[in-house]
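Going by mature numbering (1 follows the signal peptide of the UniProt record, and there is no 0), the letters in the sequence shown line up with residues -18 to -1, 1 to 280, in that order.
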Amino acid sequence: MFTTLLLLALAIPTLISADTPVPPGHCSSNNNHLDPASKKLVSDCTDQTFCSGADPSNATCVPRQCRRDEFPFGFSAGEAIPPLCARGTFCPDEGSGCRALVPAGSPCELNRDEQCIAPPDWAHLASTQNFNGSICLQSVCMYANVTLGDRCITDNTTYIDVGPSGQQVTNTVTRDNCQSPQFYCNPTDLICERTLPIRSPCEADPQCTSLNCATGTCANPPATPVRIPPWQCALTTTAIVGAMLVTCMLLILLDKRYRLQRSRELRDYYYQQIGLRRSIIALHAAAAEIYMDEKVVL
């Protein structure tokens, strides 16, 4: 009996704590982290809210105040979406509200180059590998202005995805603060070197001016439009026209041959009918002549 009462006494606090509901929208910003595979921000809140409060360990999920994408993830069609930030500001990953751009040397979020203030000569440094000449490497804003022979900084980000057969597929993206596309950061000695032209031997995409190292050779980017030389266009057009003419001539010859064969068949049929008619007339004339001879004799 005592053992039973003791077990009930120990179980009552557990039952009470299990049945006690968690406050609606409760969260902790200390749990915010990046997904190891996709590098997406993960928190205790949904994609439509973020964790906000004075106490990071006991905060509340509130609606997002801004968005960074034209079509944000997690919102259905017809739902109200937060606004985009104005020029000169940015929306952080959690969507807690628009903030002013930060200068070089300040912290930034992973791959968020647009959070950094552009350098004075941004038009000269801007490329597809940065945002107006600014780049976020190792979570720090900096300028992509390092040139040939100078020390540079690299940042490797590995993304993990699941292939069609269930196997893990990794994709490592390497970025640096060398002025692109003229230079790239050599990962061996961290020195900016010149990028390689098309058809040069290479080992990685950053070595090529086109950022595409295919089977050990610098190649055009996959999105490059195919330009057909004029002689190929002329040769293809000539081949198509010639094939059409030959086809038409063959059809005409086949039609003539069929018509000639049909004409011969009809001619033979007419000759056969004429011959048969002449035979019938001759037979009829012979019979009439015999009949007349017998009549005269009688």
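In this text, a Cβ means the ideal position worked out from N, Cα and C, and glycines have one as well.
Quick caveat: nothing in here was measured; it's all calculated off a predicted structure.
Per-residue DSSP class, three states only, for residue i
i, result
"R69", "coil"
"S261", "helix"
"A59", "coil"
"C33", "strand"
"V4", "Bear in mind that the predicted position of V4 carries a pLDDT of just 40, short of 50, making it unreliable; the figure below should be weighed with that in mind. Correct three-state label for V4: coil."
"D132", "coil"
"P89", "strand"
"Q111", "coil"
"S245", "helix"
"T191", "coil"
"E175", "strand"
"I272", "helix"
"N13", "helix"
"T220", "helix"
"residue 353", "Residue 353 falls outside the range modelled here, since the chain spans only -18 to 280, and no answer is possible."
"P101", "coil"
"R239", "helix"
"P204", "coil"
"P183", "strand"
"A82", "strand"
"C48", "coil"
"E96", "helix"
"Q254", "helix"
"A19", "coil"
"Q161", "coil"
"P64", "coil"
"P212", "helix"
Cβ neighbour criterion (16 or more within 10 Å) applied to residue i
i, result
"V128", "buried"
"P65", "exposed"
"N112", "buried"
"G77", "buried"
"A225", "exposed"
"P45", "exposed"
"L107", "buried"
"P18", "exposed"
"A(-1)", "Note on A(-1): pLDDT 36, under 50, position unreliable in the model; no value is reported."
"Q255", "exposed"
"A100", "buried"
"N12", "exposed"
"T31", "buried"
"S25", "buried"
"N153", "exposed"
"P89", "exposed"
"P212", "exposed"
"D143", "exposed"
"C215", "exposed"
"M274", "exposed"
"D103", "exposed"
Host alpha helix (DSSP H) of residue i (start-end)
i, result
"L107", "W104 to L107"
Integer-rounded CB distance, given that residue j should sit under 8 Å from residue i
i, j, result
"L130", "R176", "6 Å"
"Y125", "A62", "No, Y125 and A62 are not in contact; Cβ-Cβ is about 38 Å, not under 8 Å."
"V172", "T136", "In the sequence as displayed, the identity of residue 172 is Leu instead of Val. Correct: roughly 7 Å between the Cβ atoms."
"T156", "N138", "5 Å"
"V72", "E52", "According to the sequence displayed, residue 72 carries Phe and not Val. 15 Å between Cβ atoms; not a contact."
"P203", "S192", "5 Å"
"C174", "C134", "5 Å"
"S34", "Y141", "Not a contact, Cβ separation roughly 29 Å."
"C67", "C48", "5 Å"
First and last residue of the uninterrupted beta strand (DSSP E) at residue i
i, result
"A41", "A41 to P45"
"N138", "T136 to V144"
"A52", "According to the sequence shown, residue 52 is Glu rather than Ala. From DSSP, E52 is part of no beta strand (DSSP E); its letter is neither H nor E."
"L119", "S116 to L119"
"C27", "Premise fails: C27 is in no beta strand (DSSP E) and is neither H nor E."
"residue 303", "For residue 303 there is no data in the structure shown, the boundaries of the chain being -18 and 280."
"V155", "Q150 to D158"
"C167", "F165 to N168"
Chain D contact for residue i (CB, 8 Å cutoff)
i, result
"N40", "Among the chains in the structure shown there is no chain D, since it carries only a single protein chain."
* Asked: Would you call the region 132 to 148 and the region 180 to 187 in contact, with 3 or more CB pairs under 8 Å?
  -> no
* Asked: Is the region 67 to 81 touching the region 103 to 120, taking contact as three or more C-beta pairs under 8 Å?
  -> No, they do not touch.
* **the region 37 to 48 / the region 158 to 168 touching (three or more Cβ pairs under 8 Å)** => no
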